[in-house]
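Enquirer:
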Amino acid sequence: MFLTDEQKFMLEGKMGYPAQLGMEINVALGEAFDAEKMVRITGAHLGGISIRSAESAIMRFVHELADKGGKFKVFTTTNIICGDLNQWDKLGMLPDDRIQQEGMMEAITRMGATIMNTCTPYNLGHVPRFGEHVAWMESSAIIYLNSVLGACTNREGQPSAIAAALTGCVPEYGFHLKENRHGSIVINVTCPLKETFDFSTLGYFAGRDAARKGIVVFAGIDWATNDDLKHLGAAMATSGCTAMYHIVGVTPEAPTLEAALNSTAPELELEYGEKEKKETEEFLNRDKTTNLDWIQIGCPHASIQELEQVAAALKGKKVNPKISMWINTPQPIIMMAERLGYADTITEAGALLVADTCPINMTIPYLQKTGFHSVATNSAKQCFYIPGMCCGMTTHYGNIEKLVDAAVNGEWR
Amino acid sequence: MLKTITLHGKKLVGGKAKGEALVCPEPIAFYGGIDPDTGVGVEPNHALEGICVTDKILVYPTGKGSTANCNYLYDMSFKKTAPAALIMVEPDPIQIVGSIMGKIPVISSKENPVETISTGDFVEVDSDNGTITVTKK
Chain A
1 MFLTDEQKFM LEGKMGYPAQ LGMEINVALG EAFDAEKMVR ITGAHLGGIS IRSAESAIMR
61 FVHELADKGG KFKVFTTTNI ICGDLNQWDK LGMLPDDRIQ QEGMMEAITR MGATIMNTCT
121 PYNLGHVPRF GEHVAWMESS AIIYLNSVLG ACTNREGQPS AIAAALTGCV PEYGFHLKEN
181 RHGSIVINVT CPLKETFDFS TLGYFAGRDA ARKGIVVFAG IDWATNDDLK HLGAAMATSG
241 CTAMYHIVGV TPEAPTLEAA LNSTAPELEL EYGEKEKKET EEFLNRDKTT NLDWIQIGCP
301 HASIQELEQV AAALKGKKVN PKISMWINTP QPIIMMAERL GYADTITEAG ALLVADTCPI
361 NMTIPYLQKT GFHSVATNSA KQCFYIPGMC CGMTTHYGNI EKLVDAAVNG EWR
Chain B
414 MLKTITLHGK KLVGGKAKGE ALVCPEPIAF YGGIDPDTGV GVEPNHALEG ICVTDKILVY
474 PTGKGSTANC NYLYDMSFKK TAPAALIMVE PDPIQIVGSI MGKIPVISSK ENPVETISTG
534 DFVEVDSDNG TITVTKK
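The listed protein sequences derive, respectively, from chains A and B. Just so it is clear: in the first sequence, position 409 is 409 by our numbering, and no numbers are missing. Just so it is clear: in the second sequence, position 127 is 540 by our numbering, and no numbers are missing.
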């Protein structure tokens, strides 16, 4: 494969061991996928920052690279961590977890990362332009980037994302090539999508029933907010391991159905109507009892608009004392919510704004310590992951109004 | 006389290794599939359940599962429980990266390795030259 002189120097070790290892990873992936050359990137978003998802091997890898002088060549931001550094003791988080988590953040910062600690870096100013190439992790952010921003990334694992950040390039294959970004499956949406929650349900359906076979093109949606698109993609990536979708007339690479499909006939066409919507909602609402003890909003991390909505729904109400209600969002968005008064409204109602984390990134000993058994959430992604990743907790699935009703009444109904 | 077969493939991670083949007819997840402390398969109802992959030449269709797979392969290499080499049909990017970090040779071959090689055969992998030499047991 073609390498520039600088890329060759890196591969030969003339620019230090971390850059050499990075190029070795890039070249091996490039050869495996028949890439002709590397493409320069402008940014990287690193997952596996939480000590829960990093594993001891990756912690060793990151510390080794930092100790050997590794420096990121591009704007590099961090995904979710395992706890809220401002409320560690208040939330009963474990002292040992904090030591390890701060160690991980120190090593990654030493290499030049910008701490964001969020799965929604695009809400904090890491916003690649249309057509820009980057190396991102975090499935919900990857699908947002490809589909909504029209920038280009493959689904990176942590070492390949670190390799990209250390070398400033990635092998040119997959979603970096225009020919791999066209849709081949059409989903005709025939029921109204009235709120963000409906996009989460649609996303889960599309990922489960279609996205493993190709890129999905949605027809019949003429308007959507960024939060709608965020939830749609997060759910799709969860159930379908997919990194891109199009919505005709809404997302940038789908001005028309024909353009989204690159003028070819779809391989599969499905309908999503009231029946499919109802069936998917029931499927996700796994816990059939009225019990609950933990309410989770903010998967993916809540935007300032979502905090406004939660504050409006909670205004003048009180969360039942037997329920813990958490809204997860990055620290800078909490600061905005404080300035705008949403934070006061939320905390006066007895709910908690929790920074930089989420349940599936918290450590098992901490999750066991919480004693929670049943979670209610508006996120299809959380409904999928929590039972397997959070000590067998069960999940209820409903919109923000339904979650607030459960918070006040102390039961799911 | 022992029968020897040579298969050809594409280098995914360079290096040479030899050992006993362990053939798995279905995709493998290291994260959630293999215990990194022992090298033994733990995924319920999987072909590798209860079988140790350590130091074997592992022959399988491709990888599956989480992006955390690479961390687990790297971890197994550190704990000396990793396979000696991987022979896969379809390249799995995540497992390739884990193998680079763990210095495990990997080769992909379209010449039906899963059908041609049997568990217990003696296999020499020369990834740099793209060859797999199989001595049938």
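Beta carbons: idealized from backbone N, C-alpha and C, even for Gly.
Between ARG52 (chain A) and the rest of its own chain, which residues show a CB-CB distance below 8 Å, the 5 nearest in sequence each way excluded?
Expert: CYS82, ILE360, ASN361, MET362, THR363 and ILE364
Enquirer: Please state if the CB of ILE545 (chain B) and the CB of SER521 (chain B) are separated by a distance shorter than 8 Å.
Expert: no
Enquirer: Go to CYS383 (chain A), then tell me how far its alpha helix (DSSP H) extends in each direction, as first and last residue.
Expert: 380-389
Enquirer: In angstroms with no decimal places, state the Cα-to-Cα distance between MET1 (chain A) and LYS73 (chain A).
Expert: 22 Å
Enquirer: Closer than 8 Å, Cβ to any Cβ of chain A: which residues of the region 484-496 of chain B, in chain order?
Expert: ASN484, TYR485, TYR487, ASP488 and PHE491
Enquirer: Which chain B residues are close to TYR233 (chain A), counting only those with a beta carbon under 7 Å from its beta carbon?
Expert: This sequence places Gly at residue 233 (chain A); Tyr is not what is there. Under the 7 Å cutoff, chain B gives no residues; its nearest Cβ is about 17 Å from GLY233 (chain A).
Enquirer: Mind checking whether ASN484 (chain B) and GLN158 (chain A) have CB atoms under 8 Å apart?
Expert: yes
Enquirer: CB-CB under 7 Å to ASP287 (chain A), same chain, minus the five flanking residues each way: which ones, in chain order?
Expert: For ASP287 (chain A), the CB contacts under 7 Å within the same chain, skipping 5 residues up- and downstream, are SER374, THR394, THR395 and HIS396 in chain order.
Enquirer: With respect to the beta strand (DSSP E) encompassing ASP539 (chain B), which residues constitute its N-terminal and C-terminal limits?
Expert: Per DSSP, ASP539 (chain B) belongs to the beta strand (DSSP E) from 535-539.
Enquirer: Check the Cβ of MET501 (chain B) against every Cβ in chain A and list those closer than 9 Å, keeping chain order.
Expert: Going along chain A, no residue has its Cβ under 9 Å from MET501 (chain B), so there is no contact; the nearest lies around 10 Å.
Enquirer: PHE130 (chain A): buried (16+ other C-beta within 10 angstroms of its C-beta) or exposed?
Expert: exposed
Enquirer: Pull up the distance between the alpha-carbon of SER263 (chain A) and that of GLU462 (chain B), whole angstroms please.
Expert: 47 Å
Enquirer: Less than 8 Å between CB atoms is the rule here; does PRO457 (chain B) satisfy it with respect to chain A?
Expert: For PRO457 (chain B), the answer is no, since every Cβ of chain A falls outside 8 Å of its Cβ.
Enquirer: When you compare the CB of LEU420 (chain B) with every CB in chain A, is at least one pair closer than 8 Å?
Expert: no
Enquirer: Helix, strand or coil for VAL310 (chain A)? Go by DSSP, reduced to three states.
Expert: helix
Enquirer: Determine whether the Cβ of PRO619 (chain B) lies closer than 8 Å to any Cβ atom of chain A.
Expert: There is no way to answer for residue 619 (chain B), as the model of chain B reaches only from 414 to 550.
Enquirer: Are the C-beta of LEU425 (chain B) and some C-beta of chain A separated by less than 8 Å?
Expert: Cβ-Cβ to chain A under 8 Å: yes for LEU425 (chain B).
Enquirer: Measuring CA to CA, which of A:VAL39, A:ILE327 and A:THR357 is closest to THR438 (chain A)?
Expert: No information on residue 438 (chain A) is available, as it lies outside the stretch 1 to 413 that chain A covers here.
Enquirer: For MET137 (chain A), which option in A:GLY48, A:GLY103 and A:ILE295 has the closest C-alpha, if you only look at C-alpha atoms?
Expert: In this structure, A:GLY48 is the residue among A:GLY48, A:GLY103 and A:ILE295 with its C-alpha nearest to the C-alpha of MET137 (chain A).
Enquirer: Can you tell me which of B:GLU537, B:ILE418 and B:ASP505 puts its alpha carbon nearest to the alpha carbon of LYS469 (chain B)?
Expert: B:GLU537
Enquirer: Measure the beta-carbon distance from TRP412 (chain A) to THR280 (chain A) and round it to whole angstroms, keeping in mind my assumption that it falls under 8 Å.
Expert: So it is not a contact: roughly 18 Å between Cβ atoms.
Enquirer: What are the boundary residues of the beta strand (DSSP E) that includes GLY157 (chain A)?
Expert: Careful: GLY157 (chain A) lies outside any beta strand (DSSP E) and carries neither H nor E.
Enquirer: Among A:VAL170, A:PRO252 and A:GLY410, whose alpha-carbon lies nearest the alpha-carbon of LYS37 (chain A)?
Expert: Among A:VAL170, A:PRO252 and A:GLY410, the Cα nearest to that of LYS37 (chain A) belongs to A:VAL170.
Enquirer: Just the C-alpha distance for LEU94 (chain A) and THR370 (chain A), rounded to the nearest angstrom, thanks.
Expert: 11 Å
Enquirer: If contact means a Cβ-Cβ distance below 8 Å, which residues of the region 53-66 of chain A contact chain B?
Expert: SER53, ALA54, GLU55, SER56, ALA57, ILE58, ARG60 and PHE61
Enquirer: Do three or more CB pairs link the region 60-72 of chain A to the region 96-113 of chain A at distances below 8 Å?
Expert: Taking a cut-off of 8 Å for Cβ pairs, the region 60-72 of chain A and the region 96-113 of chain A touch, as three or more such pairs fall below it.
Enquirer: Going by beta carbon distance, what residues of the same chain come within less than 6 Å of VAL453 (chain B), once the five residues before and after it are set aside?
Expert: CYS465
Enquirer: Out of A:LEU91, A:ALA57, A:ARG60 and A:LEU46, which one is the CA nearest neighbour of LEU367 (chain A)?
Expert: A:LEU91
Enquirer: What are the boundary residues of the beta strand (DSSP E) that ARG40 (chain A) is part of?
Expert: 38-40
Enquirer: Taking one C-beta from the region 211-222 of chain A and one from the region 112-119 of chain A each time, how about it: are there three or more such pairs within less than 8 Å?
Expert: no
Enquirer: DSSP three-state call for TYR245 (chain A): helix, strand or coil?
Expert: DSSP, reduced to helix, strand and coil, places TYR245 (chain A) within a strand of the structure shown.
Enquirer: Whose CA, out of A:ALA243, A:LEU11 and A:GLU55, lies closest to the CA of TYR444 (chain B)?
Expert: A:GLU55
Enquirer: Between the region 28-45 of chain A and chain B, which residues of the former have CB atoms less than 8 Å from a CB of the latter, in chain order?
Expert: ALA28, LEU29, GLU31, ALA32 and PHE33
Enquirer: Label GLU276 (chain A) either buried or exposed according to how many other C-beta atoms from any shown protein chain fall within 10 Å of its C-beta, with 16 as the threshold for buried.
Expert: buried
Enquirer: Is it buried or exposed for GLY13 (chain A), if we count other Cβ within 10 angstroms and need 16 for buried?
Expert: exposed
Enquirer: Under 8 Å by Cβ, that's how I've got TYR272 (chain A) and THR190 (chain A) pegged, so tell me the actual separation to the nearest angstrom.
Expert: 7 Å
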